[in-house]
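Residue numbers (UniProt numbering), protein chains in the order written: chain L, 1 to 422; chain Z, 1 to 202. Report on the following structure.
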Ligand SMILES: Cc1cc2nc3c(=O)[nH]c(=O)nc-3n(C[C@H](O)[C@H](O)[C@H](O)COP(=O)(O)O)c2cc1C
Ligand SMILES: Cc1cc2nc3c(=O)[nH]c(=O)nc-3n(C[C@H](O)[C@H](O)[C@H](O)COP(=O)(O)O)c2cc1C
């Protein structure tokens, strides 16, 4: 479970930050807690919108991508600190990343009250409509007299406190699951995947025929695309378009980019179709995915895309036999996401893993033997008596595909094996 | 004539709370001197170990010290007082104590219909904390809802009922200031107690 931790303090030394770091260390088996820094967040000003500042954006993106948030609040003047309030104001002004997020409040202060009033205030603030967070009710973790409760290794000294914290955190992990379940959008089902690409995403080039053989040229013109020696800034580096092409075309892997609108917009074109493991032709780039698949393969393609889009699986593996005993061709479909975790399409990687296996065996002095217990013959790849299948789930430039059995969406990891038993 | 400091509870350039205070300054000019004070420009409170507060906060503390009372007009952000105002109050409670026993009148303006009811509640709670210990005028509320439409081109309050209420509250505040001056027996002790609070981190 991925959580972010926010300590409401910009002081050089903060016990609330110490507390979150302690939780991250002590309970790392329970939660993956990323403790964020709020030091660079500017003081909120309604007439000077700095929503786009790197500090606000970084925090917002991490919150969006997290399952839940833990806030550790100091108490100043019976309320939360201005630095914490300021952050919350940015997160409720033009963006609302806390909306629907499960939140647990903890707090540490120097005196007996241990931030009790600040916590109550924070609860009220987080539940206001502009913030719209969902705060776990009932539990209060208050760390009073905080100057005396940590030992020299910054661990909590008192066992009862630790076990109460553990219990509270345990409850919170359940709370997070329940709330996120509640927040789940109704899944429209795999049938909703539109392989004709009628929709559009931010990057869709409008007004150019997707089916046209010269889609790349037309779309490049329309978007004033960088080319040749133009520089492109990347994460992490700087290349010209030419360098990017040298780089991608020298990959010993056939790469295909299908965007979130199910449009096939790129492949690394270093081989002619006849020499490829999964054939593609230059004219296909830009096509809606339906164009490159035989009709009967479409439901299967829809299912795979939907699993990737909805996060049921992050990577879908598909062995595609039928190229003889010397090859073992794998298709990998990897979901791509932006920094906020939003689905951005599929990276399809096609490669023959046989040379890798052979290399490994040769250099480690080993050989392949049959596993007598194996219940699949997929391992050897020498399944000569099963019908050759060129099931190409997404790219599918395979006119001779056998009708595919629909994959079992709830068992994503086993689906790959399902191709061997038509 | 009483001398009041009026704190604009926001750092925003075009604030209806500032407008309200400017209106009060003009409207009550024959009854009191009202000096507007801005909180914009204060750095984020970070509990500096050297216990020093910025010059701007020092100047504010001095102004408040010398005033008979303070008027604070607060917007409402997320059902509470703005961070900018909370920030100013943090500085003004850090090894200084200008608010101790100081009479305070709270007003507020917001775009919606409720006129900062929850932010004022929050502000009262803050001002009442032991390190601020202000004397907030009790049982009085001035909510200016729909504040973007509340003033005419000359900056006057349009709604006559609201105006009558504001005049009444202001007269009460003048009296409250006088009464509070007599509630001064614990003043020295209060200031000493605040002085003894040690928030610094060692
Ligand atoms: C201006 C100021 C006001 C404070 N007011 C309170 C308070 O009302 N109640 C309280 O328990 N602690 C108060 N404290 C002390 C806090 O307990 C302490 O600064 C903070 O909560 C510790 O958290 P940190 O180490 O994460 O910054 C105050 C501190 C400062 C600097
Ligand atoms: C981050 C943010 C949160 C706000 N939350 C509230 C709110 O909880 N209740 C409300 O009445 N108005 C809310 N508002 C609108 C305010 O009424 C308005 O911005 C402010 O009070 C006007 O004060 P000013 O004219 O002095 O700047 C919010 C505005 C911002 C920017």
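Even glycine gets a Cβ: it sits at the ideal position worked out from N, Cα and C.
Cβ of residue i within 8 Å of any chain Z Cβ
i	result
residue 148 of chain L	no
residue 501 of chain L	Nothing about residue 501 of chain L can be reported from this structure: the residues present for chain L run from 1 to 422 only.
residue 10 of chain L	yes
residue 82 of chain L	yes
residue 399 of chain L	Low per-residue confidence applies at residue 399 of chain L: pLDDT is 35, beneath 50, and the placement is therefore not dependable enough to give any value.
residue 191 of chain L	no
residue 222 of chain L	no
residue 121 of chain L	yes
residue 430 of chain L	The shown model of chain L, from 1 to 422, leaves out residue 430 of chain L, and the question about it has no answer.
residue 173 of chain L	no
residue 17 of chain L	no
residue 69 of chain L	no
residue 201 of chain L	no
Rounded distance between the beta-carbons of residue j and residue i, thought under 8 Å
i	j	result
residue 69 of chain Z	residue 103 of chain Z	4 Å
residue 106 of chain Z	residue 72 of chain Z	6 Å
residue 9 of chain L	residue 43 of chain L	Not a contact, Cβ separation roughly 15 Å.
residue 132 of chain L	residue 182 of chain L	The Cβ separation is near 13 Å, so there is no contact.
residue 265 of chain L	residue 349 of chain L	Contact doesn't hold; Cβ gap of about 16 Å is too wide.
residue 334 of chain L	residue 315 of chain L	5 Å
residue 10 of chain Z	residue 84 of chain Z	6 Å
residue 61 of chain L	residue 362 of chain L	About 46 Å; that fails the 8 Å criterion.
residue 124 of chain L	residue 79 of chain Z	6 Å
residue 212 of chain L	residue 345 of chain L	Between residue 345 of chain L and residue 212 of chain L the Cβ distance is about 21 Å, and since that is not below 8 Å, they are no contact.
residue 20 of chain Z	residue 144 of chain Z	6 Å
residue 131 of chain Z	residue 53 of chain Z	About 13 Å separates the two Cβ atoms, so there is no contact after all.
Residue-chain proximity (residue i, chain L), Cβ-Cβ < 8 Å
i	result
residue 116 of chain Z	no
residue 160 of chain Z	no
residue 82 of chain Z	yes
residue 14 of chain Z	yes
residue 45 of chain Z	yes
residue 38 of chain Z	no
residue 195 of chain Z	no
residue 87 of chain Z	yes
residue 72 of chain Z	no
residue 132 of chain Z	yes
residue 113 of chain Z	no
residue 107 of chain Z	no
residue 120 of chain Z	no
residue 20 of chain Z	no
residue 50 of chain Z	no
residue 178 of chain Z	no
residue 7 of chain Z	no
residue 110 of chain Z	no
residue 97 of chain Z	no
Continuous alpha helix (DSSP H) stretch holding residue i: start and end
i	result
residue 62 of chain Z	55 to 66
residue 160 of chain L	159 to 183
residue 170 of chain Z	160 to 182
residue 72 of chain L	Not the alpha helix (DSSP H): residue 72 of chain L falls in the beta strand (DSSP E), residues 68 to 73.
residue 16 of chain L	15 to 26
residue 186 of chain L	Premise fails: residue 186 of chain L is in no alpha helix (DSSP H) and is neither H nor E.
residue 257 of chain Z	The structure shown does not extend to residue 257 of chain Z, since chain Z spans only 1 to 202, so no value can be given for it.
residue 301 of chain L	298 to 309
residue 264 of chain L	Here residue 264 of chain L belongs to no alpha helix (DSSP H); instead the beta strand (DSSP E) covers 264 to 267.
residue 190 of chain Z	187 to 196
residue 241 of chain L	241 to 249
residue 3 of chain L	Careful: residue 3 of chain L lies outside any alpha helix (DSSP H), inside the beta strand (DSSP E) at 2 to 7.
For residue i, the first and last residue of its enclosing beta strand (DSSP E)
i	result
residue 206 of chain L	No beta strand (DSSP E) holds residue 206 of chain L; DSSP gives it neither H nor E.
residue 105 of chain Z	103 to 109
residue 74 of chain Z	69 to 74
residue 317 of chain L	315 to 319
residue 102 of chain L	102 to 108
residue 17 of chain Z	Counting along the chain, residue 17 of chain Z falls outside any beta strand (DSSP E), though it belongs to the alpha helix (DSSP H) covering 16 to 27.
residue 255 of chain L	254 to 259
residue 336 of chain L	329 to 337
message = I need the residues with a C-beta less than 6 Å from some heavy atom of ligand 2; please give them in chain order.
response = L/46, L/89, L/92, L/93, L/128, L/130, Z/10, Z/12, Z/15, Z/16, Z/17, Z/75, Z/76, Z/77, Z/78, Z/79, Z/109, Z/110, Z/111, Z/112, Z/114 and Z/147
task = Closer than 9 Å, Cβ to Cβ, to anything on chain Z: give me those residues from the region 303 to 316 of chain L, in chain order.
result = none
inquiry  = Beta carbons nearer than 9 Å to chain Z: which residues of the region 41 to 57 of chain L have them?
reply    = 41, 42, 43, 44, 45, 46, 47 and 48
task = Could you name the residues of the region 132 to 155 of chain Z whose beta carbon sits closer than 9 Å to any beta carbon of chain L, in the order they occur along the chain?
result = 132
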